[in-house]
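Going by our numbering, the residue at position 77 of the sequence shown is 85; the numbering climbs one at a time, nothing skipped. Step one of this worksheet: look at the structure below.
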Amino acid sequence: MSAIFDDFPVPARQVPGDFAKTGQNLSIFLEPAGIVAAAGYMKDKQYFIEDVTGLDLAEGFCVLYHFAHFEKPGRVTLRLLASRENPTVPSIAGVYGGAQWHERETRDFYGIAFEGNPNDGPLLLAEEEMAPPLLKDEARRAVLQKTWPYEAMGVNPVPAAKPAPAAKPVTPVTPATEVTK
9 MSAIFDDFPV PARQVPGDFA KTGQNLSIFL EPAGIVAAAG YMKDKQYFIE
59 DVTGLDLAEG FCVLYHFAHF EKPGRVTLRL LASRENPTVP SIAGVYGGAQ
109 WHERETRDFY GIAFEGNPND GPLLLAEEEM APPLLKDEAR RAVLQKTWPY
159 EAMGVNPVPA AKPAPAAKPV TPVTPATEVT K
């Protein structure tokens, strides 16, 4: 796989990766406004979307799009930074229909909105979920800890471990050992 795309359609910084160390051949950093064009480019080059996920960083939310090729070995990650104040990025569901599910999951867990996703309702969490659970915001974590159902009910969800049964003695079988019935 070529480490750099010479004809990439939007301004971006391309950083070759060491697959053995990072699991990717190339990281491409771009602005949120360029993600739909970048996804179209990846599809034209016969890459498929593996997943979409997020990272809660001090600077904002990093949205990661992992791609692999149908025939050539190698992985490419598109990375963009969404603001903490308005974590909204364009949806790529119009390019990759399967991205709908990944975008909804990322919305559930990080609160990142994907503008244009035709089905942007919650995927895994209840509508009334108080805060996205993977945020690193301490105030939200405090609220989640107080409302965790088992703690609120005073119940330990992990039962006490039972002692393991005693092991039966085993006679090792060696070439010199004769087995009889």
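Where a beta carbon is used, it is the ideal one built from N, C-alpha and C, also for glycine. Treat the numbers as computed from the prediction; the structure is a model and nothing was measured.
Taking DSSP as the reference, what is the three-state secondary structure of R87? Of the three classes helix, strand and coil, the one that applies to R87 here is strand, per DSSP.
In whole angstroms, what is the alpha-carbon distance linking F37 and A28? Here the C-alpha atom of F37 lies approximately 21 Å from the C-alpha atom of A28.
What residue range is occupied by the uninterrupted alpha helix (DSSP H) comprising I36? Not the alpha helix (DSSP H): I36 falls in the beta strand (DSSP E), residues L34 to L38.
Between the alpha carbons of L89 and L142, how many angstroms are there, rounded? The straight-line gap from Cα to Cα measures roughly 17 Å.
Could you give the distance in angstroms between the alpha-carbon of N144 and the alpha-carbon of K80? It is Lys, not Asn, that sits at residue 144 in the sequence shown. Between K144 and K80, the C-alpha separation is close to 37 Å.
For the alpha helix (DSSP H) holding A47, just list the boundary residues, first then last. Taken as a continuous stretch (DSSP letters only), the alpha helix (DSSP H) holding A47 covers I43 to D52.
Under the three-state reduction of DSSP, which class applies to A1: helix, strand or coil? Residue coverage of the chain in this structure runs from 9 to 189, which leaves residue 1 outside it and unanswerable.
Hey, how far is the Cα of G62 from the Cα of F122? Their backbone Cα atoms lie some 12 Å apart in a straight line.
Quick check on E136: buried or exposed, where buried means 16 or more other Cβ atoms within 10 Å of its Cβ? Exposed is the call here.
Below 7 Å CB to CB, which residues in the same chain sit around G106 once its five sequence neighbours on both sides are set aside? Taken in chain order, the residues that qualify are I57.
What first and last residue would you give for the alpha helix (DSSP H) that runs through A28? Per DSSP, the unbroken alpha helix (DSSP H) holding A28 starts and ends at F27 to T30.
I need the boundaries of the beta strand (DSSP E) containing V97, first residue and last residue. Counting along the chain, the unbroken beta strand (DSSP E) around V97 starts and ends at T96 to P98.
Exposed unless 16 or more other CB atoms sit within 10 angstroms - verdict on F78: Exposed, since its Cβ has fewer than 16 Cβ neighbours within 10 Å.
Applying the 10 Å Cβ sphere with the 16-neighbour rule, what's the burial state of A41? With fewer than 16 other Cβ atoms within 10 Å, it is exposed.
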